[in-house]
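In our numbering, the protein residues as written are 5 to 222.
Heads up, the beta-carbon is just placed ideally off N, CA and C, and yes, glycines get one too.
Fair warning: this is a prediction, and the values are worked out from it, not measured in the lab.
Inspection log for the structure reproduced underneath, given as structure tokens.
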């Protein structure tokens, strides 16, 4: 698939419903990486994958700074959808350094690199395409992404990138899926406790900083 014209592939994928997009990628690649933050929109993609590829491992990065509501939500969706969740954690000593130095306030880029990017780095080398639930309406950067993007080391597949909030809410309601418990408290996007406050879109993430992404997807 790397040898084909990505514009042509994106055009073909755009014309398909999300289920068909996901199925095509699983049928086209034998090494498909799926990650989930178990955030406010995560249940949509997890539900789709649970029906198309029920034995697919779902990697969850436990930064050590998640809201307890996120961990509870992860456990609830894991049971509900019978997910095969694999938890990745940062190096204990490096994580402790971020905790002692409160690095989320001094240098959030390094904090994210240690607690989110490094745990996934070695796993990524085992796969040739990475499926992620990013959605375009969440930020201007995400709105610029196409369904299939190529990074330096892996293909990125965003099957929900052209969805909007209404579609997400309708899908969750129509399939009887639970909303993240922090949604009712005004959180539209949920990350680590130190760097997340209530807000629309991703405005509550790193609210006092120009930072908008953790670094996994940009």
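Between residue i and the rest of its own chain, which residues show a CB-CB distance below 6 Å, the 5 nearest in sequence each way excluded?
i           : result
residue 5   : For residue 5, the predicted structure reports a pLDDT of 43, less than 50, and the residue's modelled location is therefore unreliable. The matter cannot be settled from this model.
residue 61  : 88, 90
residue 254 : Since the first residue of the chain shown is 5 and the last is 222, residue 254 is not available in this structure.
residue 153 : 160
Would residue i and residue j qualify as a contact pair, given that the criterion is a beta-carbon distance under 7 Å?
i           : j           : result
residue 94  : residue 118 : yes
residue 197 : residue 71  : yes
residue 138 : residue 146 : yes
residue 110 : residue 67  : no
residue 199 : residue 134 : no
residue 115 : residue 102 : yes
residue 50  : residue 85  : yes
What residues match up with residue i in a beta bridge as DSSP calls it?
i           : result
residue 64  : 91
residue 161 : 135, 152
residue 2   : The requested residue 2 is not part of the displayed model; the chain covers only 5 to 222.
residue 70  : 196
Ordered along the chain, which non-local residues of its own chain (more than five positions away) have a Cβ less than 7 Å from that of residue i?
i           : result
residue 98  : 118
residue 80  : 182
residue 130 : 35
residue 3   : What is shown of the chain runs 5 to 222, which leaves residue 3 out entirely.
residue 26  : 52, 53, 56, 163
residue 22  : 52, 163, 164
residue 46  : 40, 137
Could you name the residues of the same chain whose beta carbon sits closer than 8 Å to that of residue i, not counting the 5 residues immediately before and after it, in chain order?
i           : result
residue 44  : 183, 184, 186, 187, 191, 192, 193, 194
residue 203 : 190, 191, 192, 193, 209, 211
residue 64  : 39, 40, 41, 42, 78, 89, 90, 91, 92
residue 7   : With a pLDDT of 43 at residue 7, under the threshold of 50, the modelled position of that residue is not reliable, and the figure given next carries that caveat. Same-chain partners within the cutoff: there are none.
residue 127 : 37, 63, 92
residue 19  : Legend: pLDDT at residue 19 = 45, less than 50; position of this residue unreliable, no value from coordinates given.
residue 122 : 94, 95, 98
Give me the Cβ distance between residue i and residue j, rounded to the nearest whole Å; I'm assuming they're in contact under 8 Å.
i           : j           : result
residue 35  : residue 132 : 5 Å
residue 172 : residue 48  : 6 Å
residue 148 : residue 206 : That belief does not hold up - the Cβ atoms of residue 148 and residue 206 are roughly 14 Å apart, past 8 Å.
residue 136 : residue 162 : 6 Å
In the segment 161-216, which residue ranges form an unbroken alpha helix (DSSP H) of at least 4 residues, counting only runs that do not cross its ends? Scanning the segment 161-216 for uninterrupted alpha helix (DSSP H) segments of 4 residues or longer gives 169-178, listed from N- to C-terminal end.
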